[in-house]
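K.L.:
Dropping the structure in here first, questions after.
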Amino acid sequence: MKQHLTVVTHPLVQHKLTLMREKTTSTAVFRQLLREISQLLAYEVTYELDMTDRRIETPLQEMDAPVLAGRKLALVSILRAGNGLLDGMLELIPSARVGFVGLYRDEETLKPVQYYFKVPDYLGERMVIVVDPMLATGNSSAAAVDLLKQAGARNIRFLCLLAAPEGVARMKDAHPDVPIVTAALDERLNEKGYILPGLGDAGDRMYGTK
Ligand code: URA
Numbered sequence: 220m221k222q223h224l225t226v227v228t229h230p231l232v233q234h235k236l237t238l239m240r241e242k243t244t245s246t247a248v249f250r251q252l253l254r255e256i257s258q259l260l261a262y263e264v265t266y267e268l269d270m271t272d273r274r275i276e277t278p279l280q281e282m283d284a285p286v287l288a289g290r291k292l293a294l295v296s297i298l299r300a301g302n303g304l305l306d307g308m309l310e311l312i313p314s315a316r317v318g319f320v321g322l323y324r325d326e327e328t329l330k331p332v333q334y335y336f337k338v339p340d341y342l343g344e345r346m347v348i349v350v351d352p353m354l355a356t357g358n359s360s361a362a363a364v365d366l367l368k369q370a371g372a373r374n375i376r377f378l379c380l381l382a383a384p385e386g387v388a389r390m391k392d393a394h395p396d397v398p399i400v401t402a403a404l405d406e407r408l409n410e411k412g413y414i415l416p417g418l419g420d421a422g423d424r425m426y427g428t429k
């Protein structure tokens, strides 16, 4: 991908995102919309998967037909909200390998601290797509990508639903080699680190917590 940031402006993505932003949207509908939108975003973020040809036989004749090449891609969810994007993507790409990164924010240093890290093997030979619905400060995203690079990942993309300019700048600074795909670039962060206008806390909205 040439650009660092791709905003997916497809009408279906934008319509579903508007429904997700509305505060009256129920948990069940929010979750369903996230599932649907994740599949549309998956289409964009996987555009450059390597292809090869395989000799096949149709009922009428033989042909060289395109198939995915190389190792299965790896989807890496940043817990917990990343799982909402992950679920829909796995329906579309059922053979993908899956990893999880758990980070919490140290209240004194405000830095992300790792509490869980489990990723597929051969990371360096896979396209690795990191998923987290909200790219806010970018601190946890940058830290997750740091950990994945330490584990050998080289071909990484970052997929989110909403991005704040602050988060995009942070990622560009820390990981200029990692393209970001999002459904929208919002205005800014508020003093608590929430994206404005945003959609609230993605994890709370998808799991019905407060
Ligand atoms: N995480 C969220 O869930 N929402 C925001 O607005 C920012 C970070």
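Be aware that the sequence shown starts at 220, since it is given in my numbering, and climbs by one per residue.
Don't be surprised by glycine CBs; every beta carbon is placed ideally from N, CA and C.
Here the structure is a predicted model, which is why all the values come from computation and not from measurement.
1) For the candidate residues V232, A247, T225, whose alpha-carbon lies nearest to that of V264?
2) Excluding the five sequence neighbours on either side, which residues of its own chain have a C-beta within less than 8 angstroms of the C-beta of A393, listed in chain order?
3) Have a look at L408, L378, Y262 and flag the residue whose alpha-carbon is nearest the alpha-carbon of A300.
4) Between the C-alpha atoms of T244 and R389, what's the straight-line distance to the nearest angstrom?
5) So, is S296 buried or exposed, given that buried needs 16 or more other C-beta atoms within 10 angstroms?
6) Fully enclosed by the stretch 266 to 317, which alpha helix (DSSP H) runs are 4 residues long or longer?
7) Output the residues surrounding the ligand URA, defined as those with a CB atom closer than 5 angstroms to any ligand heavy atom, in chain order.
8) Tell me which same chain residues have a C-beta within less than 6 angstroms of the C-beta of R424, skipping the five on either side of it?
9) Give the DSSP bridge partners of Q222, in chain order.
10) Just verifying my parser: in three-state terms, what is the DSSP assignment at Y334?
11) Return helix, strand or coil for L380, following the three-state DSSP convention.
12) Can you tell which of L342, L292, L298, L367 has its C-alpha closest to the C-alpha of Y426?
13) From the DSSP output, read off the bridge partner residues of L354.
14) Taking the alpha carbon of G412 as the reference point, which residue from L294, L305, Q258, R324 has its own alpha carbon closest?
15) Applying the criterion that 16 or more other CB atoms from any shown protein chain within 10 Å of the CB defines a buried residue, is T437 buried or exposed?
P.N.:
Inspection of the coordinates gives the following:
1) Out of V232, A247, T225, T225 has the C-alpha closest to the C-alpha of V264.
2) Excluding positions up to five away in sequence, the list reads G357, A361, V364, D365.
3) Put simply, of L408, L378, Y262 the residue whose alpha carbon is nearest the alpha carbon of A300 is L378.
4) 31 angstroms
5) buried
6) 301 to 311
7) M353, A355, Y413, I414, G417, D420, A421
8) F249
9) Paired residue(s): none; Q222 is not in a bridge.
10) strand
11) In the three-state scheme derived from DSSP, where H, G and I count as helix and E and B as strand, L380 is classed as coil.
12) For the options L342, L292, L298, L367, the alpha carbon positioned closest to that of Y426 is the one of L298.
13) Answer is A382, bridged to L354.
14) R324
15) The chain is shown from 220 up to 429; residue 437 falls before or after that span and cannot be answered.
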